[in-house]
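Notes follow the structure.
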Amino acid sequence: DKRPRSVKDLPRYDRDISSTLGIAMQLDQLMLRQPIPQIMCTVQCVNHCNSKLSKPEHDSFLTLFKPDGWEEEFDNDKEKVHDLVNNWQKELTTWMRDHVGAVYSDRTPA
C-alpha cells in the first residue's frame, strides 16, 4: 500500500496544508447578507494526494460553526455541548459520505 499514512507525509504539507485555513461558507455569508456564526473548525479532505492534481483547489472543505442562537453560557452546559458535538458528527458523516464519497471498509477506524 503506497498511500501516505498521514497528511504530514505529503510533499505539499508544509507549503499549503499546515500554514493555511480554508473556510467553507455559503455565498450569502461571503456577501455578508447572512451572518457568519462562530467558526469552530475546518475539516480538509486532501484529494488526489498521489497525483499532480493534488492542489488546494481540488481539496474538499467542511467548516463547522456554532449554531445560530448559541449563547456563551451554553459552553458550560454538558448536555447542550454533547448535543452540539453529536450534530457535528452527523454533519461530518453526511459530508464525508455524500460530498467526498467516503465509504466504510475494513480499513475504517472504529
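The opening position of the sequence shown corresponds to residue 125 in this note's numbering, with each subsequent residue numbered one higher. Note that CB positions come from ideal geometry on N, CA and C, so glycine has one too. What you are looking at is a predicted structure, and each value in this text was computed from that prediction instead of being measured.
_Neighbourhood of P180 by C-beta, 6 Å cutoff - its chain only, sequence neighbours within 5 removed_ = D140
*Pull up the CB-CB distance for T187 and A148, whole angstroms please, since I reckon it's below 8 Å.*
Between T187 and A148 the beta-carbon gap is near 4 Å, inside 8 Å, which marks them as a contact.
*Check whether the Cβ atoms of V131 and C173 lie closer than 9 Å to each other.*
yes
*Would you grab the beta carbon distance between L145 and V170 for me? Rounded to a whole angstrom, and I think it's under 8 Å.*
Between V170 and L145 the Cβ distance is about 15 Å, and since that is not below 8 Å, they are no contact.
_Reference D192; option with closest CA among I163, S184, W219, L151_ = I163
*Through-space distance from W194 to E203, alpha-carbon basis*: 13 Å
_Please list the terminal residues of the continuous alpha helix (DSSP H) segment that includes V205._
For V205, the enclosing alpha helix (DSSP H) starts and ends at 202-219.
*Leaving aside the five residues before and after D199 along the sequence, list all residues of the same chain whose C-beta is less than 8 Å from its C-beta, in chain order.*
V205
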